[in-house]
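Line by line, the protein sequences are chains E and S.
Residue numbers for the first sequence follow UniProt numbering, beginning at 1 and rising by one.
Residue numbers for the second sequence follow UniProt numbering, beginning at 1 and rising by one.
Heads up, the beta-carbon is just placed ideally off N, CA and C, and yes, glycines get one too.
2 protein chains.
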Amino acid sequence: MTKQTHSTEASINVFKALADPIRLAIIQYLSQHDQALSCGEIGQAMQISKTSGSYHFKILQEAGLITVRKVGREKFVKLDRVTFDHYLIHFWQNL
Amino acid sequence: MTKQTHSTEASINVFKALADPIRLAIIQYLSQHDQALSCGEIGQAMQISKTSGSYHFKILQEAGLITVRKVGREKFVKLDRVTFDHYLIHFWQNL
DNA sequence: TAAATAGTTCAAAAATATTTGAACTATTTA
DNA sequence: TAAATAGTTCAAATATTTTTGAACTATTTA
C-alpha cells in the first residue's frame, strides 16, 4: 500500500494480534483472571502446544498487548490495558 | 480453537477487517472525507485494481464497518461508526 | 442498439500466517 | 550431577489471505 505513519503500522500490529481466535481467547482468559499467569497455564487452558503458545504470546507481546516477566524458568504474562486503550479506544484520533 | 460466542466471532471479523493496510487506508480516507464515496474513487485514491477493491470493500462490509448504497451503476460506501464503536470502544464489555 | 462504465465473480498464483515436531537453552529439583 | 520442567527456535508442512486477469452482469450514454 501507500506509505503508513508509524502509528498506523503499530495499529495494524494490534489489529492483527486481535484478529485470531486463539489470541482473543488468551486475552479473554487474562482479562477474566486479571493477574499475571504463566504461559504454561494459559497454553493448557487453551489446549494448544507449547510451540503454538510461544508463537502467539510473541505476537501479543510485539503488539504491546501483554507484558512479560520471567520468573525462574517460567514466563508470566499480563494484559497491557494501556496499549489496548491507546489503540482501540482512541483509534479515531489516530486516523 | 475452543468454541466462540457469536460476538467473539463478530469481533474477530472486525479485527481481521482492520488488520490490513489497504483497508485501514480506506477507512482513513472515508473518515477524512466523512461522506459516502464511490468504490471507484476510493480505489483510484488507493491505487488498487477494481478486483482488489471489490475484495476489500466486501470484507469491510461483512464486518459491518461500512454501509453500501447502490446508485445507478456505482456503489457508494460510508463508514459505519456505530459498528466500529460497538466492537472497539466497548470491546472490554464483550470479553 | 452499440459502446462505455462500474463493479462482481471465478480460479489460479502469490504472499502470509499458523501448526508441527525435533532439537535446543535455561532453570529447578532430586 | 542427572532428570525434569518451562519455554524457544528452526525449517517444513499446512492453511488462510490477497492479488491477478479474464470473463461476466448491470447500468448508462452516444
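Which residues in chain S have a C-beta closer than 9 Å to the C-beta of residue i? List them in chain order.
| i | result |
| --- | --- |
| L65/E | By Cβ distance, chain S contributes nothing, its closest Cβ being about 12 Å from L65/E, past 9 Å. |
| T8/E | P21, L24, A25 and Q28 |
Does the beta-carbon of residue i have 16 or more other beta-carbons within 10 angstroms, so that it is buried, or is it exposed?
| i | result |
| --- | --- |
| G53/S | buried |
| G49/E | Before going further, note that residue 49/E is Ser rather than Gly in the sequence given. Its Cβ having fewer than 16 others within 10 Å, S49/E is exposed. |
| Y87/E | buried |
| G43/E | buried |
| S31/E | exposed |
| R23/S | buried |
| V14/E | buried |
| L79/S | buried |
| V82/S | exposed |
| V77/E | buried |
| A19/E | buried |
If you follow the beta strand (DSSP E) that residue i is in, where does it begin and where does it stop?
| i | result |
| --- | --- |
| L79/S | E74 to L79 |
In chain E, what lies closer than 8 Å to residue i by C-beta?
| i | result |
| --- | --- |
| A19/S | I12, F15, K16, L18 and A19 |
Which chain S residues sit within Cβ distance under 7 Å of residue i?
| i | result |
| --- | --- |
| I89/E | I89 |
### Message
I'd like the ranges of any alpha helix (DSSP H) spanning at least 4 consecutive residues and lying wholly in the region 17-66 of chain S.
### Response
21-33, 39-46 and 50-62
### Query
What are the residues of the region 46-64 of chain E that lie near chain S, defined by any Cβ-Cβ distance shorter than 9 Å?
M46, Q47 and I48
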